[in-house]
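Just so we're aligned, residue 22 is where the sequence shown starts under our numbering, counting upward by one.
Just so you know, even glycine gets a beta-carbon here, dropped at the ideal spot from N, CA and C.
These numbers were taken from a predicted model, which means no experiment stands behind them.
Notes follow the structure.
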Amino acid sequence: YFTEEHVRTLSLLAPQIASSVENARLYEELAQREQRMEQDLKAARRVQSILLPREPEIEGLEVAVGWRPAREVSGDLYDFFEHGEDEAVIAFGDSSGKGAAAALYGALVSGLLRTLAPRIRKPAALMKRLNQVLLERRVDAQYVTLLLMYWNRKNLTLTISNAGALTPLICRGGERLRVLAEGIPLGLLDDREYDEITFQTQPDDLILLYSDGVQDQTNATEGEYGTHRPFRILKKNCNKTVKEVADAVMADVDKHRGDVMLTDDQTLIVIRVR
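Below is the structure:
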């Protein structure tokens, strides 16, 4: 039977027991939400990996892609599509931030690219129009860096416009060529004009496009991967296939970082002029 002492003890313990039960319920609810979120993100990654373009067949070029997200989905973007009879467009960009928000913004930019490009002949003009449309959408705290390269298969030229992306690494006969193409990222400032340059390629030129997640990857001593190491890989593997070159760069990034986690999405495109 219960004495008054038992009753007093139970009355003191009851709130704690109720609180423990409620905490357990909240913990279970949180665990279920996290599980659903993880499942949703994994599904989003599967969809993104399906939607990302495969290595294209572009007359006059060999192309290979390397891609891995820092989280379940990536804010890096790239695309390839025909542009008139003699041109193909190579687009390579990086949405600000990481994860789902960056991936959705990247998908928006990719969709706008394919919508606007057929009506705009020059990459600088396409950059300007993209910037205007993104500013009209007013997505707070979001912007994108973007590199556009228009490949002319007749003239073997690349017409390049840059909005804040890393400039391409170009290896010709073991020497590094520099392309000075710079600009402000899209979605930040209104009424921006973008420049474009035309680069005359030669057969066997090897070109590397890479996101800042590659360049900025740190190791245990906080040293960044940089630009010298990927160029050494280009130079060392210039006679291999573009797929082998792409794999070699990714492997070298892994060698550099060791046990350090990916600090950002990592994407690269290797192009050889045939």
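For this session: Classify Asn152 as helix, strand or coil using the three-state DSSP reduction.
Result: Three-state DSSP puts Asn152 in a helix.
For this session: Could you pull out every unbroken alpha helix (DSSP H) segment of at least 4 residues lying fully inside the region 209 to 239, listed in chain order?
Result: 233 to 236
For this session: Would you mind working out which of His104, Ser131 and Ala128 sits nearest Ile141, comparing C-alpha positions?
Result: His104
For this session: Going by CA-CA distance only, name the one from Ser182, Pro206, Asp211 and Thr242 that's closest to Glu217.
Result: Here the closest residue by C-alpha is Ser182.
Exercise. Going by alpha carbons, who is nearest to Glu203 out of Gly96, Leu187, Ser95 and Gly194?
Worked result: Ranking Gly96, Leu187, Ser95 and Gly194 by Cα distance to Glu203 puts Leu187 first.
For this session: Would you mind sorting Pro139 into buried or exposed? The rule is 16 or more other CB atoms within 10 Å of its CB.
Result: So Pro139 ends up on the exposed side.
For this session: Alpha carbon to alpha carbon, how far is Met271 from Arg199? Give it in angstroms, no decimals.
Result: 22 Å
Exercise. Which partner residues of Cys259 appear in the DSSP bridge assignment?
Worked result: Note: Cys259 sits in no beta bridge, so no partner.
Problem set entry | Length of the line joining the Cα atoms of Glu196 and Leu255 | 10 Å
Problem set entry | Residues of its chain near Val294, where Cβ-Cβ distance is below 6 Å and the 5 sequence neighbours each way are ignored | Thr222, Pro224 and Asp226
Problem set entry | Spatial distance of Leu179 from Met170 (CA atoms) | Taking the straight line from one Cα to the other gives about 6 Å.
Exercise. Where does Leu201 sit, in a helix, a strand or coil, going by DSSP?
Worked result: coil
For this session: Measure the alpha-carbon distance for Tyr164 versus Glu245 and round it to whole angstroms.
Result: Each residue's Cα considered, the two are about 24 Å apart.
Exercise. Is the CB-CB distance between Gly127 and Gly96 below 7 Å?
Worked result: yes
Problem set entry | Residue from Glu214, Gly194, Leu137 and Leu207 with nearest C-alpha to Arg159 | Leu207
Exercise. How should Ala45 be labelled, buried or exposed, when 16 other C-beta atoms within 10 angstroms of its C-beta is the threshold for buried?
Worked result: exposed
For this session: Kindly list the residues whose CB is nearer than 7 Å to the CB of Tyr215, restricted to its own chain and excluding five residues on each side of it in sequence; keep chain order.
Result: Ala145, Met148, Lys149, Ser182, Ala184 and Gly204
Exercise. How would you label Lys119, buried or exposed, when you count the other beta carbons within 10 angstroms and need 16 or more for buried?
Worked result: buried
Problem set entry | Residues bridged to Tyr171 (per DSSP) | Val110 and Thr180
For this session: Compute the distance between the beta-carbons of Val291 and Val274, then report whether it is under 7 Å.
Result: no
Problem set entry | Three-state class that DSSP yields for Ala91 in the structure shown | In this structure, Ala91 counts as coil in the three-state DSSP scheme.
For this session: Identify whether Thr136 lies in helix, strand or coil by the three-state DSSP scheme.
Result: helix
For this session: Measure the C-alpha to C-alpha separation of Leu73 and Val110 and round it to an integer number of angstroms.
Result: 15 Å
Exercise. Is Pro90 near Asp285, with beta carbons less than 7 Å apart?
Worked result: no
Exercise. In its own chain, which residues sit with a C-beta less than 7 Å from the C-beta of Leu155, not counting the 5 before and 5 after it?
Worked result: Leu207 and Gly208
Exercise. In three-state DSSP terms, what is Gly244?
Worked result: Gly244 sits in coil when the DSSP states are folded into three classes, being neither helix nor strand.
Exercise. Roughly how many whole angstroms lie between the Cα atoms of Val263 and Glu76?
Worked result: 11 Å
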